[in-house]
Structure formats: C-alpha cells, structure tokens
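Here's the structure we're looking at; comments come further down.
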Amino acid sequence: MDLPVPADQPQLSATAPAQPARRRDAQPRIHPRMRDGLRAWLLGGLTIAIFLGLWQAASATHLDFFLRFDNIPAPSKVALRALTVVGSAAFLNDVLTSCERVFLGFGIAASLAVPTGLLIGRYRVAHELLFPLTELLRPVPAIAWVPISIMIWPTDWQSIVFITFLGAYFPILLNTLLGTQRVDPVLVLAARSLGASEGAIFREVYLPGALPAIFTGLAVGMGVGWVSVIAAEMISGQSGVGYFTWEAYSLIQYPDIILGMVAIGLLGLVSSSAIRGFGRLVMPWLSAQ
Amino acid sequence: MSRTKGLVEIDHFGLDYIAEGRATEAVADVSIAVRPGEFVSIVGPSGCGKSTLLNAVAGFRAPSRGRVRVDGETVRGPGADRGMVFQQYSLFPWKTVRQNVEFGLKMKGIGSAQRERMSRTLLALAGLIGFEDQYPDRLSGGMKQRVGIVRALATGPKVLLLDEPFGALDAQTRLIMQQILTNIWQRLRISVLFVTHDIDEAIFLSDRVYVMTARPGRVKAEFRIDLPRPRDPDSILSAKFLALRRELAGLIREESLVAMGGELAGGLGGLDVMLEEGSLADLL
Numbered sequence: 006m007d008l009p010v011p012a013d014q015p016q017l018s019a020t021a022p023a024q025p026a027r028r029r030d031a032q033p034r035i036h037p038r039m040r041d042g043l044r045a046w047l048l049g050g051l052t053i054a055i056f057l058g059l060w061q062a063a064s065a066t067h068l069d070f071f072l073r074f075d076n077i078p079a080p081s082k083v084a085l086r087a088l089t090v091v092g093s094a095a096f097l098n099d100v101l102t103s104c105e106r107v108f109l110g111f112g113i114a115a116s117l118a119v120p121t122g123l124l125i126g127r128y129r130v131a132h133e134l135l136f137p138l139t140e141l142l143r144p145v146p147a148i149a150w151v152p153i154s155i156m157i158w159p160t161d162w163q164s165i166v167f168i169t170f171l172g173a174y175f176p177i178l179l180n181t182l183l184g185t186q187r188v189d190p191v192l193v194l195a196a197r198s199l200g201a202s203e204g205a206i207f208r209e210v211y212l213p214g215a216l217p218a219i220f221t222g223l224a225v226g227m228g229v230g231w232v233s234v235i236a237a238e239m240i241s242g243q244s245g246v247g248y249f250t251w252e253a254y255s256l257i258q259y260p261d262i263i264l265g266m267v268a269i270g271l272l273g274l275v276s277s278s279a280i281r282g283f284g285r286l287v288m289p290w291l292s293a294q
Numbered sequence: 003m004s005r006t007k008g009l010v011e012i013d014h015f016g017l018d019y020i021a022e023g024r025a026t027e028a029v030a031d032v033s034i035a036v037r038p039g040e041f042v043s044i045v046g047p048s049g050c051g052k053s054t055l056l057n058a059v060a061g062f063r064a065p066s067r068g069r070v071r072v073d074g075e076t077v078r079g080p081g082a083d084r085g086m087v088f089q090q091y092s093l094f095p096w097k098t099v100r101q102n103v104e105f106g107l108k109m110k111g112i113g114s115a116q117r118e119r120m121s122r123t124l125l126a127l128a129g130l131i132g133f134e135d136q137y138p139d140r141l142s143g144g145m146k147q148r149v150g151i152v153r154a155l156a157t158g159p160k161v162l163l164l165d166e167p168f169g170a171l172d173a174q175t176r177l178i179m180q181q182i183l184t185n186i187w188q189r190l191r192i193s194v195l196f197v198t199h200d201i202d203e204a205i206f207l208s209d210r211v212y213v214m215t216a217r218p219g220r221v222k223a224e225f226r227i228d229l230p231r232p233r234d235p236d237s238i239l240s241a242k243f244l245a246l247r248r249e250l251a252g253l254i255r256e257e258s259l260v261a262m263g264g265e266l267a268g269g270l271g272g273l274d275v276m277l278e279e280g281s282l283a284d285l286l
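Taken in sequence, the protein lines are chains A and B. Per our numbering, residue 6 is the first one in the first sequence, and the count goes up by one each step. Per our numbering, residue 3 is the first one in the second sequence, and the count goes up by one each step.
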C-alpha cells in the first residue's frame, strides 16, 4: 500500500527552521508534536491497510474456512460500484430521506428533552411527577417500539421519525437532568445574593451549567438516533439508507450493502462532529482552557 | 448608588439544626453589630457557627431565635443589598470576568453602557484591568477572589459579607489580598462583616473582632483594634499587634480544645504517650 508520506515531508521541513534554534549545531529537527502526529497517522494507516488487504485477499480467494467470504464483495469491487451508485439520484434520495428523518426525530427529541431535563433536575415536583414514567420507558430500546409505532402512526415516515425520536430522547433527557443536578449550589447562592430571580437563575445558572452535559447527551442522542433510524428503515421502510442496505441484501446486490454501511458510518460521523463543533461554539469557556 | 447606612444588627441570634431526629444548637444567643462603614471580623474554632451567622445576614438561613436586621429592616432572604463573597470560588465559569462583575447590575436591569462603566471602575480598583474578557478558569485563585469581591460590590450593597475568602490562598497572596481589600474598603467606606479563622488576618483588617466559643457558638470576647490606619504589612510586628494576637490566640486555643474535647479526652497533655521502653521511633 502506498501511504502518502512524501506529501507531508516538505511541509514539515518548512516549519522546522521556525523552531527556536537553541542548539545551533543540532540538525534541524521535526517538531516532536508533529513527529508524533505523523507517527500516529502512519501506524493508524498501516492497520487500516492491513485490514483492507486481508479482506481483499479473503474475498479474492473466496475464503471458506468457518467464515464464508464467497459472497462478500472485495473492497476493490465496492469502490468500483461506488462510482456508479454514489452519484445516482436514487442513492442521494435515500441519504437525504434518512437525514431528514434523523434530524426531525432528533430535533423534536432535543427540544422536548432539554427543557424536561432541566425541569426534572431543578424542581422536585417535576422529578416526582415525570421521573418514574421516564424510568419505566427508558429501558425499552427504541427498536422494540417498531411494531407499536407502525400501528399507532398513520404513515411509515411518521413511525420511523417516532422511533428516531425515542432513541434520541432518553440520552438527552438523562444527561440534561444529571447536568442540572450537578450545578454547583454555591453558584445558585451567588446568583441569589446578586438579586437574580428564579427565572434568571434558571437561564443564567442552570442552563449554562448543564450545557456541557446537554451536549454530551446530544452527541449520544444523535448516535442512538442513527442506530434507530437505520433499524427502523430496515424493518419497515420503503426508502432511506437503512432500506437501501437491506434491499441490497434482498436483491443480491452485495457491494451495495457495504456502500450502505459506509454511508451510515459517515453520516453518523459528520453529524456527531457537527454537534461537537456547535458545542464549542456555544461554550467558548470550555475551549478557552 | 444609595449606600446611605449599612448598620447590621444580629440580635440574640440562635440557630438549631436537626441531626438524627433531634435539634442541636449550633449558635446560641449571639448579638453582634456592625456600625456603618465599620470593618468587623468574627473568629472562632471550626464549627462554632461563624459562617452560619454570615449566611443568616446574607439571607440564606433563617434564625431559629432572634433576628437579623440591616438598617432596621429584618432580613428575609438573599438580596443585592448585601454582597456575599464565598470561601470556595463561586464565579460563573461560563461568564467572562466582566460578565461576572456585571451580573448583579444586569439583574437590576441596568443598561449595558452603564454596566460597563461601573464594572470598569471596580475592576480597576481591584487591579483587574486587562483581564475583563478572560474566563475564570484562566485566573489564579487570588484573581478569582478579587473578581468575587468586585462582583459582590458592583450592585452597591450596604454591607459586604466575606466567608473566609482567602482561606484557599497561599500566604503571600493572602497578604496582598488583605491589602487590596483594605484599600477597596477605605475607598468605598462600606460596612464589612468578615469571617476567618486566621487571627493575624482578623487583627490586620478589622476595627473590631468578635471571638466565638465552641459549639454552640456564643460571643466569648469582643476586641477593639485601635491600630492606626493605614496599616502596612510591617504593622503585624508591632508590640501592640503582637499583644492583641497573643490574647486572641489564647482565647481561641481554649475554645478549640473545647471543640475537640470529645476527641482529646485528656487535653493536649494526653497526647504525651508514655512508652514503657524505648522511644517512639523504635516502636515505629
């Protein structure tokens, strides 16, 4: 495998002279941190290359020793197939459909779970009223709701959004609740003694105090949201990446299974890093450290 | 800012707390007054209820007996007319120094232009210019407490309450903080009620010092500190200072022993363990 090492070299040597030349006689060296970065990159790339290589070999030789690779498409085949599928309108439509479902379900979950979590964390009455029901429903995985969801909601689209909502709701709620409960009581006292009203304390102390936990919840919720939407689409959908992947299996279009899996992974990655980026934007005091 | 008076009266104050189903007396019949513009400290052994008294003036705790009044009005809850500085750092981590200082003003509904003018003046007084836009995590302990003091002062309270504010700081920083606090106090002429277990600190800062007994806390003694002002750090070496220090230290040691009575049944003498043979070092 050709690892793109040479591409990095000129860049590294270009930065080397910027180093404080404490020892003139010493050779210009690569900055230790950049060297560590390069090293990690190389080693990580090596493992991935070995993984892909073994897979390629197993598929090419139709390995059949307990594990059966005769139906598993080789990475090269998947890559070739990607050229035709990825740009196609149908695939793009499936991706967009799944995105729409996730963002809708996740959006509704976030806009309900965050205020509810804050209330349950702050007020005993809210805790007593809502927490038992939450704990009753929480252990049931969102996927287990699929049959009920299909029966309750008029359309497949709605039931899939509902499943996604359920998957995302509980992690967000629970993290928000914990974050609210962990707000340092002395900050609340400080706000009180500075004349803050109850509403102001909620807005200025509990909400920002719980934000780091809320964002943890949002990241987890987004992950579970994707899991839920894919599973729901595989079971009951007529579109979406989950459906695409499952259909590929039914239609013996095996490279498409891998493409679907890669797409699902990438979509999850992009959405969770979007949440992290948004979190950094909203919580500048954390990145200032 | 209408900082007209600042008379704090703690009248026959008593406070019980419930532990294991029965009421225990934490503070018994304490009467303390802070006259307008006066700097008063409360010292005493740990657990004597000195912080409880401060919390009662702040309005965080209601007395079981007696009452707390500020300028004749009974304290019924926390409010911006009494500024509180806590022992632990209590700055809002998500607000910059300036936003922390302006918080009380914002709660009062004061516009941002005026807020900024006021916070700038106070921050200058505490030597914090240049750090306005920093988040608290970037500040040293001493700076955090200075911001805390400035934040408590921003709303123009009648009295400033400080609960062992420099307890977590190193000795050098503490000395500097004491001078900064003195400086701020002399400029603003605000009443101060200061709780500490550090005798030097109490004498150096105060006009008067109350010594409290072990639990249940009562006032054991009251000292007028008539050392001339301004006091410089060398004044803690003057004969008068040392005499006060010796007297106060003696009183507090008595009370600390009482407070630890349960633990040290035989007093400090009981710690002189008699060894049958050999030295302690051999034994260990």
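Glycine included, C-beta positions come from ideal geometry on N, C-alpha and C.
Exercise for the section: Taking Lys52(B) and Val197(B) to be in contact with their CB atoms under 8 Å, please state how far apart those CB atoms are, rounded to whole angstroms. Expected result: If you number the second sequence from 1, residue 52(B) lands on position 50. If you number the second sequence from 1, residue 197(B) lands on position 195. Contact flag correct, Cβ pair sits at about 5 Å.
Exercise for the section: Could you tell me whether the Cβ of Leu194(A) comes closer than 8 Å to any Cβ of chain B? Expected result: Working through the first sequence from its first residue, we reach residue 194(A) at position 189. Cβ-Cβ to chain B under 8 Å: yes for Leu194(A).
Practice task
Verify whether the separation of the beta carbon atoms of Val59(B) and Leu195(B) is less than 8 Å.
Solution key: Your numbering for residue 59(B) matches position 57 in the second sequence. Your numbering for residue 195(B) matches position 193 in the second sequence. Yes, the Cβ-Cβ distance between Val59(B) and Leu195(B) is below 8 Å.
Handout entry: Coil, strand or helix - Leu141(B) by DSSP
Key = Within the second sequence, residue 141(B) is the residue found at index 139, counting from 1. It is coil, neither helix nor strand.
Handout entry: According to DSSP, residues forming a beta bridge with Asp18(B)
Key = To locate residue 18(B), count along the second sequence from 1; it is residue 16. Its beta-bridge partners are Glu27(B).
Exercise for the section: Have a look at Trp60(A) and Val90(A) and give me their C-alpha separation to the nearest angstrom. Expected result: Residue 60(A) sits at position 55 when you count from the first residue of the first sequence. Residue 90(A) sits at position 85 when you count from the first residue of the first sequence. Roughly 21 Å separates the two Cα atoms.
Handout entry: Strand pairing of Arg86(A), partner residues [DSSP]
Key = Taking the first residue of the first sequence as 1, we reach residue 86(A) at position 81. DSSP lists no partner for Arg86(A).
Handout entry: 8 Å Cβ cutoff met for Pro47(B) and Ser258(B)
Key = For the purposes of this step, residue 47(B) is taken as the residue at position 45 of the second sequence. For the purposes of this step, residue 258(B) is taken as the residue at position 256 of the second sequence. Against a cut-off of 8 Å, the Cβ pair of Ser258(B) and Pro47(B) comes out as a contact.
Practice task
Can you have a look at Leu141(A) and say buried or exposed, based on whether 16 or more other CB atoms are within 10 angstroms of its CB?
Solution key: Counted from its first residue, the first sequence places residue 141(A) at position 136. That one is exposed.
Exercise for the section: Assign Asn180(A) to one of two classes, buried (16 or more other C-beta atoms within 10 Å of its C-beta) or exposed (fewer than that). Expected result: In the first sequence, residue 180(A) corresponds to position 175, counting from 1. Classification for Asn180(A): buried.
Practice task
Write down the C-beta distance between Ile227(B) and Arg255(B) rounded to the nearest angstrom, noting that I regard them as a contact closer than 8 Å.
Solution key: Taking the first residue of the second sequence as position 1, residue 227(B) is located at position 225. Taking the first residue of the second sequence as position 1, residue 255(B) is located at position 253. Not really, about 19 Å apart at Cβ, beyond 8 Å.
Handout entry: From Val152(B), Val99(B), Ala126(B), Arg153(B), residue whose alpha carbon lies closest to that of Asp135(B)
Key = In the second sequence, the residue the question calls residue 135(B) occupies position 133. Taking only the C-alpha atoms, the option nearest Asp135(B) is Val99(B).
Exercise for the section: Quick one: residues in its chain with C-beta nearer than 7 Å to the C-beta of Val29(B), no 5 flanking neighbours on either side, listed in chain order? Expected result: Start at 1 with the first residue of the second sequence, and residue 29(B) comes out as number 27. Here the set comprises Phe15, Gly16, Leu17, Gly51, Thr54, Leu55, Pro218, Gly219.
Problem - Nearest-angstrom Cβ-Cβ length linking Pro159(B) and Asp83(B), presumed shorter than 8 Å - result: Numbered from 1 along the second sequence, position 157 holds the residue referred to as residue 159(B). Numbered from 1 along the second sequence, position 81 holds the residue referred to as residue 83(B). That pair is a contact at about 5 Å.
Handout entry: Within the region 135 to 220 of chain B, ranges of the beta strand (DSSP E) (whole runs, at least 3 residues)
Key = 161 to 165, 193 to 197, 210 to 214
Exercise for the section: Would you kindly work out how many angstroms separate the C-alpha atoms of Ile201(B) and Ser240(B), rounded to a whole number? Expected result: Here residue 201(B) is taken as the residue at index 199 of the second sequence, counted from 1. Here residue 240(B) is taken as the residue at index 238 of the second sequence, counted from 1. Looking at the two C-alpha atoms, the distance is approximately 15 Å.
Exercise for the section: Could you tell me whether the Cβ of Lys110(B) comes closer than 8 Å to any Cβ of chain A? Expected result: Counting from one through the second sequence, the residue named residue 110(B) turns up at place 108. For Lys110(B), the answer is yes, since a Cβ of chain A falls inside 8 Å of its Cβ.
Problem - Reduced DSSP category for Arg281(A) - H, G, I as helix; E, B as strand; rest coil - result: Residue numbering aside, residue 281(A) sits at position 276 when the first sequence is read from its first letter. Helix, per DSSP.
Problem - Residue-level contact to chain A via CB, Ser121(B), 8 Å cutoff - result: Here residue 121(B) refers to the residue found at position 119 of the second sequence. Closer than 8 Å: no.
Problem - Arg27(A) (DSSP reduced to helix, strand or coil) - result: Locating residue 27(A) in the first sequence gives position 22, counting from the first residue. Bear in mind that the predicted position of Arg27(A) carries a pLDDT of just 47, short of 50, making it unreliable; the figure below should be weighed with that in mind. Looking at Arg27(A) - three-state DSSP - the assignment turns out to be coil, as it is neither helix nor strand.
Problem - Selected residue, minimal CA-CA separation from Leu274(A), among Glu238(A), Met239(A), Val232(A), Ala237(A) - result: For the purposes of this step, residue 274(A) is identified with residue 269 of the first sequence, where counting begins at 1. Of the listed residues, the one whose Cα sits closest to Leu274(A) is Val232(A).
Practice task
Report the residue from Thr215(B), Phe206(B), Leu250(B) whose alpha carbon sits nearest the alpha carbon of Arg231(B).
Solution key: In the second sequence, the residue the question calls residue 231(B) occupies position 229. Taking only the C-alpha atoms, the option nearest Arg231(B) is Phe206(B).
Exercise for the section: Verify whether the separation of the beta carbon atoms of Ile186(B) and Ile131(B) is less than 8 Å. Expected result: For this step, residue 186(B) is matched to residue 184 along the second sequence. For this step, residue 131(B) is matched to residue 129 along the second sequence. It is not a contact, given that the beta carbons lie outside the stated cut-off.
Problem - Where Val103(B) falls, given that 16 or more other Cβ within 10 Å makes a residue buried - result: Position 101 of the second sequence holds residue 103(B). Label assigned to Val103(B): buried.
Handout entry: Residues that Val45(B) bridges to, as DSSP identifies them
Key = For the purposes of this step, residue 45(B) is identified with residue 43 of the second sequence, where counting begins at 1. In DSSP, Val45(B) forms a bridge with Val213(B).
Problem - Within-8 Å CB hit, Gln90(B) to chain A - result: Counted from its first residue, the second sequence places residue 90(B) at position 88. Chain A contact via Cβ: present.
Problem - Beta-carbon gap between Ala224(A) and Val210(A) smaller than 8 Å - result: Sequence index remark: in the first sequence, residue 224(A) carries index 219 (1-based). Sequence index remark: in the first sequence, residue 210(A) carries index 205 (1-based). Going by C-beta atoms, Ala224(A) is not nearer than 8 Å to Val210(A).
Practice task
Would you mind working out which of Val70(B), Glu27(B), Val45(B) sits nearest Glu11(B), comparing C-alpha positions?
Solution key: For the purposes of this step, residue 11(B) is taken as the residue at position 9 of the second sequence. Out of Val70(B), Glu27(B), Val45(B), Val70(B) has the C-alpha closest to the C-alpha of Glu11(B).
Exercise for the section: Consider the Cβ of Pro95(B): report whether some Cβ of chain A lies at a distance smaller than 8 Å. Expected result: For the purposes of this step, residue 95(B) is identified with residue 93 of the second sequence, where counting begins at 1. Yes, Pro95(B) counts as interfacial toward chain A.
Handout entry: CB contact check: Arg5(B) to chain A, cutoff 8 Å
Key = Indexing the second sequence from 1 puts residue 5(B) at position 3. Any reading at Arg5(B) needs caution, since the residue's pLDDT is 45, under 50, leaving its predicted position unreliable; the model's value is listed next. Chain A contact via Cβ: absent.
Exercise for the section: Identify which residue in Ala115(B), Pro65(B), Met145(B) has its Cα closest to the Cα of Glu93(B). Expected result: In the second sequence, the residue the question calls residue 93(B) occupies position 91. Checking the sequence, you will find Leu at residue 93(B) rather than Glu. Comparing Cα positions, the closest option is Met145(B).
Exercise for the section: Compare the C-beta of Val191(A) against all C-beta atoms of chain B and say whether one is closer than 8 Å. Expected result: Residue mapping note: residue 191(A) aligns to position 186 of the first sequence, counting from 1. Interface residue, yes.
Problem - N-terminal and C-terminal residue of the alpha helix (DSSP H) that Arg143(A) is part of - result: Your numbering for residue 143(A) matches position 138 in the first sequence. Where Arg143(A) is concerned, there is no enclosing alpha helix (DSSP H), given that its DSSP letter is neither H nor E.
Exercise for the section: Look at the Cβ atom of Thr221(A), then the Cβ atom of Arg127(A), and state whether they are nearer than 8 Å. Expected result: By one-based count along the first sequence, residue 221(A) stands at place 216. By one-based count along the first sequence, residue 127(A) stands at place 122. Against a cut-off of 8 Å, the Cβ pair of Arg127(A) and Thr221(A) comes out as no contact.
Practice task
Give the range of the beta strand (DSSP E) segment to which Met288(A) is assigned.
Solution key: Reading the first sequence from its first residue, position 283 is the one you call residue 288(A). Met288(A) -> no beta strand (DSSP E), and no H or E assigned at all.
Practice task
Could you tell me which residues DSSP puts in a beta bridge with Leu318(A)?
Solution key: No answer is possible for residue 318(A): it lies beyond the span of chain A, which begins at 6 and ends at 294.
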